[in-house]
Amino acid sequence: MAEASMGVDAADFDEDGDEDLFMTHLRQETNTLYINDGQGWFEDRTVAMGLANPSFAYTGFGTAWFDYDNDGWLDLLAVNGAVRKIQALSEAGDPYPLHQPNQLFRNLGDGHYREVTAQAGRAFAVSLVSRGAAFGDLDEDGDTDVIIANNAGAARVLVNQVGSSSRWLGLRLLTTDGGRDAYGARIVLDGEQTLWRRSRADGSYASSNDPRVLFGLGESAEKTVSVRIFWPDGTEERRTDLATGRYHTLRQGHADQGAGNPVPYLESNQQHQ
């Protein structure tokens, strides 16, 4: 069936090595989670994953898979706002009869999601007409923050207060000459969980994200970890002894940076412009 699909993201949420799809839609369509079978086919598992009923009454726009609590499992945020007047709000004389609350869904790690919006803090108690959502570590503390753009209102900055309590690893991947981000590179971290991530700045619905890759490692991770990088040109490299709890800048073909070269994103970005 044709659906609206305002928001879209691709990530390996089930940790099987291929990228799955999540899309937000209009009210009464539900959002949709498509699971990749690794052979080029996708299966709609929205109901089985627990994501259908919670999204049925909302119109979703910006969205992304991100690990808000850094436990290694990718969670979901959908920002909402109707495109047709909501009758109850209109009848009540609400000046913004399109507003809807945003929603946060936690990956339980067992093949299901649970809506945790009510436990996510006062920022989620506000109902606005949200559209864009940009994700990145604004305060450099190792967890993902979110900037949400709204119709008829100011942008809102949601600063994550949870994820930095767990271990994490941040990577910025650059091309051989260090002149640009190696968008499209895939990184796998082999630990208690095998975590696949992708270097990208693409975002959904008029938004762009922090290009750094952030791995949530839970509370019992080692102090150093190793990763394999699959660069966009098809070559593979391994980097070892990367200290957790910090960002590392890695250039393709420069194995001497195996221990990582920490450069804040903004400073690094200025150097390469």
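In terms of this note's numbering, the sequence shown opens at residue 5 and continues consecutively.
We put the CB at the ideal spot given by N, CA and C, even for glycine.
From a predicted model like this one, the values you see are computed outputs, not experimental measurements.
Which word fits residue i, buried or exposed, when buried means at least 16 other C-beta atoms lie within 10 angstroms of its C-beta?
{"i": "residue 99", "result": "exposed"}
{"i": "residue 245", "result": "exposed"}
{"i": "residue 14", "result": "buried"}
{"i": "residue 275", "result": "Reliability fails at residue 275, whose pLDDT of 41 lies under 50, so the model's placement of it is uncertain and the value that follows must be treated cautiously. Exposed is the call here."}
{"i": "residue 176", "result": "buried"}
{"i": "residue 63", "result": "buried"}
{"i": "residue 67", "result": "buried"}
{"i": "residue 170", "result": "buried"}
{"i": "residue 182", "result": "exposed"}
{"i": "residue 76", "result": "buried"}
Please name the residue in the options whose C-alpha comes closest to that of residue i.
{"i": "residue 197", "options": "204, 221, 211 and 178", "result": "221"}
{"i": "residue 153", "options": "82, 15 and 251", "result": "82"}
{"i": "residue 92", "options": "174, 224 and 61", "result": "61"}
{"i": "residue 109", "options": "219, 102 and 117", "result": "117"}
{"i": "residue 242", "options": "218, 190, 88 and 46", "result": "190"}
{"i": "residue 47", "options": "24, 63 and 29", "result": "24"}
{"i": "residue 161", "options": "181, 138, 183 and 145", "result": "138"}
{"i": "residue 217", "options": "63, 146 and 223", "result": "146"}
{"i": "residue 226", "options": "22, 31, 180 and 193", "result": "193"}
{"i": "residue 165", "options": "202, 126, 199 and 247", "result": "126"}
{"i": "residue 207", "options": "10, 182 and 6", "result": "10"}
{"i": "residue 52", "options": "144, 115, 240 and 90", "result": "115"}
{"i": "residue 236", "options": "195, 249 and 178", "result": "178"}
{"i": "residue 144", "options": "131, 30, 249 and 240", "result": "249"}
{"i": "residue 80", "options": "119, 90 and 94", "result": "119"}
{"i": "residue 140", "options": "90, 240 and 215", "result": "215"}
Whole angstroms are fine: how far does the CA of residue j sit from the CA of residue i?
{"i": "residue 78", "j": "residue 17", "result": "5 Å"}
{"i": "residue 148", "j": "residue 156", "result": "26 Å"}
{"i": "residue 172", "j": "residue 213", "result": "18 Å"}
{"i": "residue 20", "j": "residue 151", "result": "30 Å"}
{"i": "residue 54", "j": "residue 174", "result": "30 Å"}
{"i": "residue 35", "j": "residue 252", "result": "35 Å"}
{"i": "residue 230", "j": "residue 168", "result": "20 Å"}
{"i": "residue 211", "j": "residue 204", "result": "12 Å"}
{"i": "residue 158", "j": "residue 42", "result": "41 Å"}
{"i": "residue 113", "j": "residue 188", "result": "26 Å"}
{"i": "residue 86", "j": "residue 104", "result": "7 Å"}
{"i": "residue 142", "j": "residue 163", "result": "8 Å"}
{"i": "residue 101", "j": "residue 186", "result": "43 Å"}
{"i": "residue 121", "j": "residue 106", "result": "8 Å"}
{"i": "residue 59", "j": "residue 74", "result": "24 Å"}
{"i": "residue 57", "j": "residue 32", "result": "9 Å"}
{"i": "residue 134", "j": "residue 128", "result": "12 Å"}
{"i": "residue 180", "j": "residue 96", "result": "59 Å"}
{"i": "residue 258", "j": "residue 224", "result": "30 Å"}
{"i": "residue 123", "j": "residue 255", "result": "40 Å"}
{"i": "residue 88", "j": "residue 45", "result": "34 Å"}
{"i": "residue 290", "j": "residue 200", "result": "Only positions 5 to 277 of the chain appear in the structure, and residue 290 is not among them; the question remains open."}
{"i": "residue 12", "j": "residue 26", "result": "6 Å"}
{"i": "residue 39", "j": "residue 22", "result": "9 Å"}
{"i": "residue 219", "j": "residue 111", "result": "15 Å"}
{"i": "residue 195", "j": "residue 131", "result": "39 Å"}
{"i": "residue 228", "j": "residue 94", "result": "56 Å"}
{"i": "residue 184", "j": "residue 238", "result": "17 Å"}
{"i": "residue 202", "j": "residue 90", "result": "38 Å"}
With a cut-off of 8 Å on the beta carbons, I'd call residue i and residue j a contact; round off their distance for me.
{"i": "residue 65", "j": "residue 84", "result": "7 Å"}
{"i": "residue 37", "j": "residue 50", "result": "5 Å"}
{"i": "residue 72", "j": "residue 136", "result": "Not a contact, Cβ separation roughly 18 Å."}
{"i": "residue 8", "j": "residue 30", "result": "4 Å"}
Compare the C-beta of residue i against all C-beta atoms of chain C and say whether one is closer than 8 Å.
{"i": "residue 148", "result": "Here chain C cannot be found, since the structure has a single protein chain."}
> For the region 134 to 215, which segments carrying the beta strand (DSSP E) assignment without a break, of at least 3 residues, lie completely within its bounds, in sequence order?
Replying inline: Within the region 134 to 215, the complete beta strand (DSSP E) runs of at least 3 residues are 134 to 140, 149 to 154, 160 to 162, 171 to 178, 190 to 194 and 198 to 202.
> Which full runs of the alpha helix (DSSP H) of 4+ residues lie inside the region 28 to 104, going along the chain?
Replying inline: Taking only runs of at least 4 residues, the alpha helix (DSSP H) segments lying wholly in the region 28 to 104 are 56 to 59 and 91 to 95.
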